[in-house]
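Asker: Pasting a structure below so you can have a look.
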Amino acid sequence: MSFLSRSVKAGSRTASMVQARTFASTPNALDFARVSMVGRLVRDPEVRKTKNDQDYVTYDLAVSQGFTAADEHGNRQVKPANFYKIWSFRENTIPGLTSLTKGTRVIVEADITLEPREGEDGAKLDPRPFFTHRTSPVIYDLA
Numbered sequence: 004m005s006f007l008s009r010s011v012k013a014g015s016r017t018a019s020m021v022q023a024r025t026f027a028s029t030p031n032a033l034d035f036a037r038v039s040m041v042g043r044l045v046r047d048p049e050v051r052k053t054k055n056d057q058d059y060v061t062y063d064l065a066v067s068q069g070f071t072a073a074d075e076h077g078n079r080q081v082k083p084a085n086f087y088k089i090w091s092f093r094e095n096t097i098p099g100l101t102s103l104t105k106g107t108r109v110i111v112e113a114d115i116t117l118e119p120r121e122g123e124d125g126a127k128l129d130p131r132p133f134f135t136h137r138t139s140p141v142i143y144d145l146a
């Protein structure tokens with residue numbers, strides 16, 4: 004039986020009532036897109052400054068995609084890693100991020116937005132993802 008329906012005993016017969024799930028309208032401020040990634044730092048995190056002279060950190064993360072399906076001989080190939088650039092505009096994360104070094108495996112939680120972009124000729128290109136760091140990365144290596 005579906006979680007959206009329930010049986011009700013009405014006299015001598017059983018009737019099935021379907022409850023429709025209603026969605027409340029909420030402000031857009033509560034909508035978000037968030038990702039979690041486990042990967043290794045490609046290089047040491049770098050501190051930069053915004054136009055308003057505020058510090059922020061940027062770092063690159065390599066995320067492994069695992070292996071291909073086995074071929075007829077049972078061999079599997081390593082899929083190439085995906086690379087993501089992540090920005091952190093939170094002042095309280097700067098000391099923790101800058102203490103990490105290239106090759107450290109971390110768990111990162113980030114908000115993702117799609118940023119519009121244009122080509123050199125002014126033509127609109129597909130938007131690119133923009134990852135904004137949410138919390139301090141957790142060092143994943145236990146050894």
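Start counting the sequence shown at 4; every next residue gets the next number (this note's numbering).
Beta carbons: idealized from backbone N, C-alpha and C, even for Gly.
Here the structure is a predicted model, which means the values were calculated and not measured.
(1) Following the continuous beta strand (DSSP E) through proline 98, name the residue where it begins and the one where it ends.
(2) May I have the straight-line CA-CA distance separating glutamate 123 from glutamate 75, to the nearest angstrom?
(3) Which residue comes first and which comes last in the beta strand (DSSP E) that contains aspartate 58?
(4) Determine the closest residue to serine 91 out of Ile115, Ala65, Lys127, with distance taken between C-alpha atoms.
(5) Could you tell me the distance, in whole angstroms, from the CA atom of phenylalanine 134 to the CA atom of phenylalanine 70?
(6) With C-beta atoms as the reference, is valine 60 less than 8 Å away from leucine 117?
(7) What does histidine 76 pair with, by DSSP beta-bridge criteria?
(8) Would you tell me roughly how many angstroms separate the C-alpha atoms of glycine 106 and alanine 36, rounded to the nearest one?
(9) Verify whether the separation of the beta carbon atoms of leucine 64 and valine 81 is less than 8 Å.
Answerer: Working from what's here:
(1) Position 95 of the sequence shown, counted from the first residue, corresponds to residue 98. First-last for proline 98: 97-101, but that is the alpha helix (DSSP H), not the beta strand (DSSP E).
(2) Here residue 123 is taken as the residue at index 120 of the sequence shown, counted from 1. Here residue 75 is taken as the residue at index 72 of the sequence shown, counted from 1. The alpha-carbon atoms of glutamate 123 and glutamate 75 are separated by roughly 46 Å.
(3) Indexing the sequence shown from 1 puts residue 58 at position 55. Start and end: 58-66.
(4) Counting from 1 along the sequence shown, the entry for residue 91 is found at position 88. Of the candidates Ile115, Ala65, Lys127, the one whose C-alpha sits nearest the C-alpha of serine 91 is Ile115.
(5) As a position in the sequence shown, residue 134 is number 131, starting the count at 1. As a position in the sequence shown, residue 70 is number 67, starting the count at 1. Near 25 Å, if we compare the C-alpha coordinates of phenylalanine 70 and phenylalanine 134.
(6) Here the question's residue 60 lines up with position 57 in the sequence shown. Here the question's residue 117 lines up with position 114 in the sequence shown. Against a cut-off of 8 Å, the Cβ pair of leucine 117 and valine 60 comes out as no contact.
(7) For the purposes of this step, residue 76 is taken as residue 73 along the sequence shown, with counting starting at 1. BP columns for histidine 76 are empty, so no partner.
(8) One-based indexing of the sequence shown puts residue 106 at position 103. One-based indexing of the sequence shown puts residue 36 at position 33. Glycine 106 and alanine 36: Cα-Cα distance of roughly 27 Å.
(9) For the purposes of this step, residue 64 is taken as residue 61 along the sequence shown, with counting starting at 1. For the purposes of this step, residue 81 is taken as residue 78 along the sequence shown, with counting starting at 1. No; because the gap between Cβ atoms is not below 8 Å, this pair is not in contact.
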